[in-house]
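K.L.:
Using the working numbering, read the sequence shown as starting at 22 and increasing by one per residue. Don't be surprised by glycine CBs; every beta carbon is placed ideally from N, CA and C. I'd like to ask you about the structure that follows.
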Amino acid sequence: MQEITVEDLKRMKDNSEDFQLIDVREDFEYEMSNLNGQLIPLGGILIETDKISHDKPVVIMCRSGKRSAMAVMQLEAQGYTNLYNLQGGILAWAERVDPNISVY
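Next comes the structure, spelled out in C-alpha coordinates:
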(Lines of atoms letter the chains of each structure in order from A and count residues from 1; the text may use other names and numbers.)
(Lines give C-alpha, C1' and ligand atoms only; values in the text may rest on other atoms or scores of the structure.)
Protein backbone atom coordinates (compact mmCIF):
# COMPACT_ATOMS: atom_id res chain seq x y z
CA MET A 1 0.00 0.00 0.00
CA GLN A 2 1.29 3.42 -0.97
CA GLU A 3 1.17 6.07 1.73
CA ILE A 4 1.54 9.83 1.83
CA THR A 5 2.38 12.15 4.73
CA VAL A 6 0.34 15.16 5.73
CA GLU A 7 3.28 17.33 4.69
CA ASP A 8 3.15 15.77 1.20
CA LEU A 9 -0.60 16.40 1.04
CA LYS A 10 -0.14 20.04 2.08
CA ARG A 11 2.49 20.49 -0.65
CA MET A 12 0.15 18.94 -3.23
CA LYS A 13 -2.68 21.26 -2.14
CA ASP A 14 -0.40 24.33 -2.06
CA ASN A 15 0.88 23.53 -5.57
CA SER A 16 -2.66 22.96 -6.90
CA GLU A 17 -1.65 19.51 -8.13
CA ASP A 18 -4.27 17.43 -9.90
CA PHE A 19 -5.38 14.78 -7.42
CA GLN A 20 -8.55 13.60 -5.72
CA LEU A 21 -9.00 13.60 -1.95
CA ILE A 22 -11.53 11.11 -0.56
CA ASP A 23 -12.61 11.27 3.09
CA VAL A 24 -13.99 7.93 4.34
CA ARG A 25 -15.21 9.16 7.73
CA GLU A 26 -18.88 9.48 8.66
CA ASP A 27 -21.03 12.55 7.92
CA PHE A 28 -20.89 13.91 11.48
CA GLU A 29 -17.09 13.64 11.54
CA TYR A 30 -16.77 15.40 8.21
CA GLU A 31 -19.09 18.20 9.37
CA MET A 32 -16.89 18.76 12.44
CA SER A 33 -13.67 19.17 10.43
CA ASN A 34 -12.51 18.33 6.93
CA LEU A 35 -9.86 19.09 4.33
CA ASN A 36 -12.37 19.70 1.54
CA GLY A 37 -12.16 16.17 0.22
CA GLN A 38 -15.09 14.28 -1.24
CA LEU A 39 -17.01 12.44 1.47
CA ILE A 40 -17.56 8.74 0.78
CA PRO A 41 -17.97 6.90 4.11
CA LEU A 42 -16.06 3.62 4.33
CA GLY A 43 -19.25 1.53 4.44
CA GLY A 44 -20.20 2.76 0.96
CA ILE A 45 -16.79 2.89 -0.68
CA LEU A 46 -17.34 -0.12 -2.95
CA ILE A 47 -20.82 1.08 -3.93
CA GLU A 48 -19.49 4.47 -5.01
CA THR A 49 -16.41 3.49 -7.00
CA ASP A 50 -17.80 5.42 -9.97
CA LYS A 51 -16.88 8.60 -8.05
CA ILE A 52 -13.23 7.58 -7.60
CA SER A 53 -10.73 8.47 -10.31
CA HIS A 54 -8.61 5.85 -12.05
CA ASP A 55 -6.40 8.31 -13.94
CA LYS A 56 -4.94 10.63 -11.29
CA PRO A 57 -3.57 10.18 -7.77
CA VAL A 58 -6.26 9.57 -5.16
CA VAL A 59 -5.49 10.29 -1.50
CA ILE A 60 -7.77 8.51 0.95
CA MET A 61 -8.08 9.92 4.46
CA CYS A 62 -9.90 9.37 7.74
CA ARG A 63 -9.35 10.30 11.37
CA SER A 64 -6.18 8.30 12.09
CA GLY A 65 -5.31 6.38 8.92
CA LYS A 66 -6.88 3.04 9.84
CA ARG A 67 -10.21 3.29 8.00
CA SER A 68 -8.51 4.87 5.01
CA ALA A 69 -6.07 1.94 4.90
CA MET A 70 -9.04 -0.43 4.86
CA ALA A 71 -10.58 1.58 2.01
CA VAL A 72 -7.33 1.45 0.03
CA MET A 73 -7.12 -2.33 0.47
CA GLN A 74 -10.75 -2.79 -0.65
CA LEU A 75 -10.27 -0.57 -3.70
CA GLU A 76 -6.93 -2.13 -4.66
CA ALA A 77 -8.73 -5.49 -4.70
CA GLN A 78 -11.02 -3.89 -7.32
CA GLY A 79 -8.02 -3.02 -9.50
CA TYR A 80 -7.11 0.51 -8.38
CA THR A 81 -3.37 1.26 -8.57
CA ASN A 82 -3.38 5.05 -8.02
CA LEU A 83 -4.31 5.20 -4.31
CA TYR A 84 -2.44 6.72 -1.37
CA ASN A 85 -3.34 6.31 2.30
CA LEU A 86 -2.91 9.51 4.34
CA GLN A 87 -0.68 8.51 7.26
CA GLY A 88 -2.17 9.58 10.58
CA GLY A 89 -5.29 11.10 9.00
CA ILE A 90 -6.80 14.36 10.17
CA LEU A 91 -5.19 13.90 13.61
CA ALA A 92 -1.74 14.14 12.00
CA TRP A 93 -2.90 17.12 9.94
CA ALA A 94 -3.97 18.93 13.12
CA GLU A 95 -0.71 18.02 14.88
CA ARG A 96 1.76 18.86 12.10
CA VAL A 97 0.02 21.21 9.62
CA ASP A 98 -2.96 23.11 11.07
CA PRO A 99 -3.34 23.11 14.87
CA ASN A 100 -6.50 25.25 14.54
CA ILE A 101 -8.55 22.49 12.91
CA SER A 102 -11.08 20.81 15.19
CA VAL A 103 -10.30 17.22 16.10
CA TYR A 104 -12.16 14.76 18.28
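If we count the other Cβ atoms within 10 Å of its Cβ and call it buried at 16 or more, is Tyr-105 buried or exposed?
P.N.:
Per the 10 Å Cβ criterion, buried.
K.L.:
What would DSSP say about Gln-95, mapped onto helix, strand or coil?
P.N.:
Three-state result, Gln-95: helix.
K.L.:
Could you tell me which residues DSSP pairs with Ile-81 in its beta bridges?
P.N.:
Answer is Ile-43 and Asn-106.
K.L.:
Quick one: what does DSSP say Ile-25 is sitting in, helix, strand or coil?
P.N.:
Ile-25 falls in the strand class under three-state DSSP.
K.L.:
Per the DSSP calculation, Leu-60 is bridged to which residue(s)?
P.N.:
According to DSSP, Leu-60 bridges with Asp-44.
K.L.:
Using 8 Å for Cβ pairs, my map puts Leu-63 next to Arg-88. What's the rounded Cβ distance?
P.N.:
Contact flag correct, Cβ pair sits at about 5 Å.
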